[in-house]
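Working notes, beginning with the structure itself.
Protein chains in written order, with my numbering: chain A, 166 to 256; chain B, 10 to 420.
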């Protein structure tokens, strides 16, 4: 079973409006590369020149922020759900 | 209003319900035509208008006259001499948003802007992710405006804050998780439903409402910038908007430029921004919150980077206080000034005390403390810490006996 990536609204123009994309990558870093091969341009939206996840992008694996896991090295297993979400103001 | 502009890359967007740059996810901000504003926004014009935040209307992002929250703002700026004496500083002011209309927190400022703008854009349903105060304000202001509302909160919020949303007939959804998880869910919901989410797709407009606190402080001080301002930080947005408000008044010639430091206050149990500031870093590490200051419990603060930048630019400091220090500060403010603040107010006063003691705010200077919410909403936080009333029968003898006993105790 592959892993699912939930694409946020601002990036759906790049995925032909698809909301859920399946990937086979073993880590978050690889998942971003895999998305890039299928949807050119998406990588630069998510990571900066050094390959780090941009500071206003939050990435979650099964609802846990990857900054509490292993960032780009966070391993993925079958059935994992990945969410990409812009940072939100306070409340 | 001219456009929305990305704070990171400067790309411009039309004035719709959208909040992040498609290219780098940077936050979008409203751009104004200050040369045009300068023509109508004079001191005389402002002073001739009703005492609400809307007297600075040209600097708030609505296209037509506002329709929601016309009475919000212009809360008292209290000269806090007794608190100043206790904290050991020459001059101290409390910007008292515990009595903001209608829901007793500064959030009414941002909500009146967000809902007025939401109506202009044709929405009939409004929503928010909230640590409590925002939910109260969205629920109340939506009710008064005849809009439907959905408010999403962590399910373990203070009882008072939950009732304070339910009473207005809002759809209140308690999420089993902390605020950052509520936020993540709401970002996903906002993408799916056609609602005006005040702190998601309406954020560029919403956040601007906070500037009104800065305008009022400056006007109430006699059109001058305070030397020091202490601001509580959750997402860090308020602190950045206070600076923007001060800068705009200088730009418009309504106040002269002067040194002004904008200090940040957090609770130790959720202090990603103050920890980074104290370590001299310009980025923060997200945390999992654990504090009684639930209204400030945001572990992944969206404006944390910008708040750190503002503190650096203005030569300001940040600090944080423990739950016990928060309770002590709530009591101190109440006993010296007669103002009962919620936990976030305890954070602001507690941190001000620390910054004065450490000399980061010099004792011979003047400071303004932004107290942003009312203590009646967070009674749980002080319950059990304030003692109890003594009970007697309705008898004069018993009362005299009680006084005599207390006299002995005091002596």
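Cβ coordinates follow ideal geometry from the N, Cα and C atoms, glycine included.
Three-state class that DSSP yields for residue i in the structure shown
| i | result |
| --- | --- |
| residue 159 of chain B | strand |
| residue 295 of chain B | coil |
| residue 327 of chain B | strand |
| residue 207 of chain B | coil |
| residue 102 of chain B | strand |
| residue 215 of chain A | coil |
| residue 180 of chain B | strand |
| residue 225 of chain A | strand |
| residue 138 of chain B | strand |
| residue 29 of chain B | strand |
| residue 187 of chain B | coil |
| residue 78 of chain B | coil |
Distance between residue j and residue i (C-alpha atoms, nearest Å)
| i | j | result |
| --- | --- | --- |
| residue 91 of chain B | residue 102 of chain B | 11 Å |
| residue 417 of chain B | residue 338 of chain B | 29 Å |
| residue 400 of chain B | residue 299 of chain B | 36 Å |
| residue 204 of chain B | residue 402 of chain B | 57 Å |
| residue 56 of chain B | residue 62 of chain B | 12 Å |
| residue 250 of chain A | residue 220 of chain B | 27 Å |
| residue 59 of chain B | residue 323 of chain B | 32 Å |
| residue 191 of chain B | residue 386 of chain B | 20 Å |
| residue 229 of chain A | residue 98 of chain B | 44 Å |
| residue 278 of chain B | residue 180 of chain B | 30 Å |
| residue 136 of chain B | residue 164 of chain B | 16 Å |
| residue 250 of chain B | residue 216 of chain B | 7 Å |
| residue 275 of chain B | residue 356 of chain B | 6 Å |
| residue 243 of chain A | residue 186 of chain A | 14 Å |
| residue 75 of chain B | residue 214 of chain B | 12 Å |
| residue 28 of chain B | residue 37 of chain B | 5 Å |
| residue 118 of chain B | residue 82 of chain B | 6 Å |
| residue 282 of chain B | residue 406 of chain B | 57 Å |
Min CB distance residue i to chain A below 9 Å
| i | result |
| --- | --- |
| residue 66 of chain B | no |
| residue 33 of chain B | yes |
| residue 104 of chain B | no |
| residue 30 of chain B | yes |
| residue 292 of chain B | yes |
| residue 396 of chain B | no |
| residue 314 of chain B | yes |
| residue 409 of chain B | no |
| residue 200 of chain B | yes |
| residue 189 of chain B | yes |
| residue 276 of chain B | no |
| residue 197 of chain B | yes |
| residue 297 of chain B | yes |
Residue-chain proximity (residue i, chain B), Cβ-Cβ < 9 Å
| i | result |
| --- | --- |
| residue 176 of chain A | yes |
| residue 181 of chain A | no |
| residue 195 of chain A | no |
| residue 221 of chain A | yes |
| residue 240 of chain A | no |
| residue 245 of chain A | no |
| residue 207 of chain A | no |
| residue 228 of chain A | yes |
| residue 159 of chain A | What is shown of chain A runs 166 to 256, which leaves residue 159 of chain A out entirely. |
| residue 252 of chain A | yes |
Cut-off 8 Å between Cβ atoms - residues of its own chain near residue i, not counting five sequence neighbours on either side
| i | result |
| --- | --- |
| residue 26 of chain B | 127, 130, 132, 205, 210, 211 |
| residue 247 of chain B | 115, 219, 222, 240, 241, 379, 381 |
| residue 359 of chain B | 274, 330, 334, 335, 337, 338 |
Residue i Cβ short of 8 Å to the ligand FMN heavy atom set
| i | result |
| --- | --- |
| residue 362 of chain B | With respect to the ligand FMN, the structure offers nothing, as it holds no ligand at all. |
Other residues of its chain near residue i: CB distance less than 6 Å, five sequence neighbours each side excluded
| i | result |
| --- | --- |
| residue 248 of chain A | 171, 225 |
| residue 362 of chain B | 96 |
| residue 42 of chain B | 11 |
| residue 204 of chain A | 179, 180 |
| residue 142 of chain B | 114, 116, 304, 382 |
| residue 17 of chain B | 33, 35 |
| residue 280 of chain B | 329 |
Beta-carbon proximity list for residue i, same chain, < 7 Å, skipping 5 on both sides
| i | result |
| --- | --- |
| residue 210 of chain A | 176 |
| residue 195 of chain B | 138, 161, 206, 209 |
| residue 67 of chain B | 46, 49, 50 |
| residue 312 of chain B | 244, 245, 246, 249 |
| residue 168 of chain B | 389 |
| residue 408 of chain B | 401 |
| residue 346 of chain B | 87, 89, 91, 92, 103 |
Beta-carbon gap between residue i and residue j smaller than 9 Å
| i | j | result |
| --- | --- | --- |
| residue 309 of chain B | residue 227 of chain A | no |
| residue 124 of chain B | residue 77 of chain B | yes |
| residue 377 of chain B | residue 237 of chain B | yes |
| residue 431 of chain B | residue 104 of chain B | Here chain B comprises residues numbered 10 to 420, so residue 431 of chain B is not present and cannot be evaluated. |
| residue 286 of chain B | residue 263 of chain B | no |
| residue 230 of chain B | residue 258 of chain B | no |
| residue 197 of chain A | residue 208 of chain A | yes |
| residue 352 of chain B | residue 225 of chain B | no |
| residue 395 of chain B | residue 272 of chain B | no |
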